[in-house]
Structure formats: C-alpha cells, structure tokens
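The structure is reproduced here in structure tokens:
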C-alpha cells in the first residue's frame with residue numbers, strides 16, 4: 054500500500070505542477086505578455102481589454118464545462134477592467150502608473166473580505182486561498198483532479214473531502230485563514246510601498262524601475278511564505294494523522 058502511494062506520488066505531483074503552471078500562464082502571464090505587446094500598437098485601454106480575454110475564456114469554459122466559477126480568472130478579468138478605467142484618466146503620468154497598485158489593492162481587499170464569515174442561505178464565505186486550492190484539487194478548469202485529503206469511504210468525492218475537512222478540523226481552517234490574511238495584507242502593503250515610490254522618485258523612469266523591482270521582490274516573498282507555510286502545515290497534518298492512527302491501534 055505504502056509503495057503504491059509512493060509510486061503514485063511522482064506522476065500526481067507532476068500532474069499538479071502542470072495544472073498550476075497552465076493556470077498561472079493562461080490567467081496571469083499571458084495577459085501581461087499580451088498587454089506589453091499590444092500597448093505599443095493600440096491605445097492603453099484597448100490593450101488592457103484585449104489582454105483580459107484569456108482569463109475571461111477560462112471563466113466561460115469553467116461555467117460551461119464544470120458549472121463552476123474560476124475564482125482566479127474572475128479576479129484577473131476584474132483587475133483588467135479596473136485597469137482600463139483607471140488608464141482612461143488623462144493627466145499626471147504618475148497616476149497612470151498607479152493602475153497596477155489599484156488592481157493589486159482591489160485583489161488584496163477581496164482576499165480580506167473573504168475572511169469575514171458571511172452566511173447567506175446555504176452560502177458560506179470561505180478564505181480566498183481555500184477556493185483556489187479546492188478548485189485545483191477538485192478538477193477545475195486547470196485542476197489536476199487529485200487531492201491529498203484522506204477519504205472516509207472509497208466513493209467519497211474530493212470536493213466532499215474538502216468540505217468535511219473544513220467543517221471538522223480547526224487546523225485545516227487555520228491554514229487557509231492565515232495564508233489568505235497574509236496575502237490580503239501583503240498586497241495592500243505593496244500598494245502603499247508602490248504609491249510612495251511612484252510619487253517620491255525623481256523621474257518617471259526611476260519610478261517604473263524601482264516600483265517594478267520592489268513589487269516583484271515583495272510578491273516573491275509572499276510566494277516563498279506560502280510554499281514554506283503550506284509544507285509545514287502538511288507535515289503537521291501528517292504527524293497528527295499518524296498519532297491518531299497509532300492511538301486507534303492501541
């Protein structure tokens with residue numbers, strides 16, 4: 054049994070990496086590439102609108118094919134719409150540079166909003182990182198269809214496991230709450246840094262370079278935290294599961 058699990062872990066991990074990589078490329082990297090290419094030939098507003106098409110397609114495919122909303126895709130589409138509106142404001146070029154901060158701020162604010170335990174009918178608000186992770190594990194538009202959560206029965210669906218773990222394990226909930234809070238506040242802090250840099254830099258060119266370096270460095274730190282914290286939570290979960298199994302055997 055253990056040997057089979059180890060044998061399956063390799064392909065499953067590769068499958069997950071491919072799924073995550075595909076999602077990030079189509080919904081994040083491709084729109085950015087399109088924007089920087091199109092802004093040289095088209096008005097900024099049109100470049101932003103067209104750049105938002107790939108994640109919009111992902112959202113539509115998710116609705117038609119899986120009958121679910123792709124959370125990341127919706128955020129990216131919304132971000133480009135907001136960016137197009139801000140880009141339409143004529144005047145100080147530094148204000149134009151703030152469009153990315155406005156987008157980041159909106160996303161960070163949405164992350165924090167999802168920490169509020171809102172209940173409307175059968176709807177229960179969950180932390181944003183929970184939605185991302187669940188979508189990947191339950192076979193969303195780019196989902197790998199896999200999951201590391203242990204089922205109670207062989208026919209328990211992966212989606213049902215996520216709901217059960219959320220309802221049953223405080224540490225499971227804590228992990229997603231912490232990561233969502235870190236990303237939410239982290240993105241808002243990035244906005245503050247970027248605004249200060251843009252308005253304090255001597256020239257526009259310096260503002261662009263310094264702000265870009267600061268933004269990417271900060272995002273890299275958030276990603277590093279997410280990786281380290283996720284692995285630590287996974288190890289703690291495995292340790293608690295092993296202790297529980299040992300107690301049952303006694």
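In the numbering used here, the protein residues as written are 54 to 303.
Beta carbons: idealized from backbone N, C-alpha and C, even for Gly.
Quick check: residue i and residue j, are their CB atoms within less than 7 Å of each other?
| i | j | result |
| --- | --- | --- |
| residue 157 | residue 275 | no |
| residue 187 | residue 215 | yes |
| residue 105 | residue 165 | no |
| residue 263 | residue 250 | yes |
| residue 229 | residue 180 | yes |
| residue 83 | residue 107 | yes |
Tell me the rounded alpha-carbon separation between residue i and residue j.
| i | j | result |
| --- | --- | --- |
| residue 292 | residue 273 | 29 Å |
| residue 233 | residue 265 | 23 Å |
| residue 286 | residue 243 | 26 Å |
| residue 222 | residue 254 | 48 Å |
| residue 196 | residue 117 | Confidence is the limiting factor: at residue 196 the pLDDT is only 48, short of 50, which leaves the residue's position unreliable, though a coordinate-based value still follows. Distance between the alpha carbons of residue 196 and residue 117 is about 15 Å. |
| residue 226 | residue 219 | 6 Å |
| residue 224 | residue 282 | 13 Å |
| residue 284 | residue 277 | 11 Å |
| residue 260 | residue 210 | 50 Å |
| residue 271 | residue 207 | 42 Å |
| residue 290 | residue 102 | 43 Å |
| residue 212 | residue 78 | 25 Å |
| residue 182 | residue 75 | 18 Å |
| residue 88 | residue 110 | 16 Å |
| residue 217 | residue 114 | 27 Å |
| residue 231 | residue 205 | 27 Å |
| residue 170 | residue 178 | 6 Å |
| residue 99 | residue 256 | 27 Å |
| residue 85 | residue 151 | 16 Å |
Please state whether DSSP places residue i in a helix, a strand or coil.
| i | result |
| --- | --- |
| residue 177 | strand |
| residue 187 | helix |
| residue 172 | strand |
| residue 269 | helix |
| residue 199 | With a pLDDT of 48 at residue 199, under the threshold of 50, the modelled position of this residue cannot be trusted; read the value that follows with caution. In this structure, residue 199 counts as coil in the three-state DSSP scheme. |
| residue 151 | coil |
| residue 207 | coil |
| residue 93 | coil |
| residue 84 | helix |
| residue 167 | coil |
| residue 239 | helix |
| residue 293 | helix |
| residue 157 | helix |
| residue 254 | coil |
Please classify residue i as buried or exposed, where buried requires at least 16 neighbouring CB atoms within 10 angstroms.
| i | result |
| --- | --- |
| residue 288 | exposed |
| residue 167 | buried |
| residue 247 | buried |
| residue 184 | buried |
| residue 295 | exposed |
| residue 155 | buried |
| residue 94 | exposed |
| residue 174 | exposed |
| residue 269 | exposed |
| residue 160 | buried |
| residue 245 | exposed |
For residue i and chain C, any beta-carbon pair shorter than 7 Å?
| i | result |
| --- | --- |
| residue 79 | The question asks about chain C, but that chain is absent: this structure has only one protein chain. |
Could you tell me which whole alpha helix (DSSP H) segments of length 4 or greater appear in the segment 211 to 236?
211 to 221
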